[in-house]
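S.K.:
In this note's numbering, the protein residues as written are 372 to 666.
1. What separation, rounded to the nearest whole angstrom, lies between the Cα atoms of residue 523 and residue 453?
2. Tell whether a beta-carbon distance below 9 Å holds between residue 536 and residue 629.
3. Identify which residue in 402, 627 and 609 has its Cα closest to the Cα of residue 525.
4. Leaving aside the five residues before and after residue 623 along the sequence, list all residues of the same chain whose C-beta is less than 7 Å from its C-beta, in chain order.
5. Check whether the Cβ atoms of residue 398 and residue 626 sit closer than 9 Å, and answer yes or no.
6. Sort 643, 645, 563 and 504 by Cα distance to residue 414 and report the nearest one.
7. Does the distance from the C-beta atom of residue 697 to that of residue 520 stay below 9 Å?
8. Whole angstroms are fine: how far does the CA of residue 489 sit from the CA of residue 473?
9. Taking residue 666 and residue 373 to be in contact with their CB atoms under 8 Å, please state how far apart those CB atoms are, rounded to whole angstroms.
10. Using the three-state DSSP reduction, which class does residue 633 fall into: helix, strand or coil?
11. Which same chain residues end up closer than 7 Å to residue 529 when comparing Cβ atoms and leaving out the 5 residues on each side of it in sequence?
12. Is residue 539 closer than 9 Å to residue 651 when the C-beta atoms are compared?
13. Find out if the Cβ-Cβ distance for the pair residue 381, residue 527 is shorter than 9 Å.
14. Can you round the beta-carbon distance between residue 509 and residue 438 to whole angstroms, since I take them to be within the 8 Å contact cut?
15. In the DSSP assignment, what residue or residues form a beta bridge with residue 431?
16. What separation, rounded to the nearest whole angstrom, lies between the Cα atoms of residue 433 and residue 393?
17. By the DSSP assignment, the alpha helix (DSSP H) with residue 482 in it spans what residues?
18. Rounded to the nearest angstrom, how far is the Cβ of residue 458 from that of residue 491, given a contact under 8 Å?
19. By a C-beta neighbour count over all protein chains shown, 10 Å radius and 16 as the cutoff for buried, is residue 637 buried or exposed?
20. Going by C-alpha to C-alpha distance, which of 384, 501 and 423 sits closest to residue 396?
21. If we call anything under 9 Å between Cβ atoms a contact, is residue 456 one with residue 468?
22. Please go through the same chain and pick out, in chain order, the residues whose beta-carbon is closer than 7 Å to the beta-carbon of residue 556, but skip the five residues on each side of it.
23. According to DSSP, residue 385 sits in a beta bridge with which residue or residues?
As structure tokens, this is what we get:
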């Protein structure tokens, strides 16, 4: 079992390139990957996305990559002059100097200081195969670190689920004990009432017995108890699953557990039984809330 939340950061270096990768995963109904990349890595975003999907199945995953280069490799950079802009600025400068009768001369350093856009420094949009593989490997390593943290949190969630299931089993055992006492109490009340009416009414006892059996069958909760036991058994099996997403399965069984306890509550004729159902539903809501954190 894995949690959907986790964080990892990793820094590595290849030659003059220093790479920092951070991955943050939070809850999400489906898998949604978002990337923040340097311009030169945008061409390999789909490749990186493919690597992320090998590790994450659900959740919102944000991948942040920053790149630092000491500039020692000239192939990583290009310089482009904006001669048109510089010429236009120079013409206006000289025109203004003439109008103001200024004799100060214009030097190149002045131009670059006052019009820094005259020379534009650009980082290359492309990377070589070595750097490409370096980025992919670093992202994969960061993803594994994040996944390890998610597994650790998942173990804590599993312990919590087992605690919830233990509480539900205890409540279900108490409900099962009350089932027979409810049937006995109903029969006793019915027989008492029947004896009170016999003196005033003609009763077809065979038909009446059929009606009683039908009514008791409608109120009986044995089927619900049996299904709850099966659902809890399946739930226990699922939370032991490793290396595959189980959140949707747990969510489904959480709904089924709630459905069965709701049915028992609707059939309840005893305050004690109703109270047990309310307690069980409260535990299931907590369980379902935590399931939203499971991948």
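Where a beta carbon is used, it is the ideal one built from N, C-alpha and C, also for glycine.
M.R.: Looking at the atomic coordinates:
1. Their backbone Cα atoms lie some 55 Å apart in a straight line.
2. No; because the gap between Cβ atoms is not below 9 Å, this pair is not in contact.
3. The residue among 402, 627 and 609 with its C-alpha nearest the C-alpha of residue 525 is 609.
4. Within the same chain, residue 623 has no close Cβ partners at all.
5. No, Cβ-Cβ distance for residue 398 and residue 626 is not below 9 Å.
6. When each option's Cα is compared against that of residue 414, the closest is 504.
7. The structure shown does not extend to residue 697, since the chain is modelled only from 372 through 666, so no value can be given for it.
8. Residue 473 and residue 489: Cα-Cα distance of roughly 24 Å.
9. Separation of the CB atoms of residue 666 and residue 373 is rounded to 4 Å, and the pair is thereby assigned contact status at 8 Å.
10. Secondary structure at residue 633: helix, using DSSP grouped into helix, strand and coil.
11. 372 and 610.
12. Yes, they are a contact pair.
13. Result no, Cβ atoms of residue 381 and residue 527 do not sit closer than 9 Å.
14. Distance from residue 509 to residue 438 at the Cβ level is roughly 11 Å; contact not present, criterion being Cβ atoms closer than 8 Å.
15. Paired residues: 397 and 403.
16. In this structure, the straight-line span from the alpha carbon of residue 433 to that of residue 393 is close to 8 Å.
17. 479 to 485 is the extent of the alpha helix (DSSP H) around residue 482.
18. 16 Å between Cβ atoms; not a contact.
19. So residue 637 counts as exposed.
20. Comparing Cα-Cα distances from residue 396 to each of 384, 501 and 423, the minimum goes to 423.
21. Taking 9 Å as the cut-off, the Cβ atoms of residue 456 and residue 468 do not count as close.
22. So the list is empty, once near-sequence residues are dropped.
23. In DSSP, residue 385 forms a bridge with 388.
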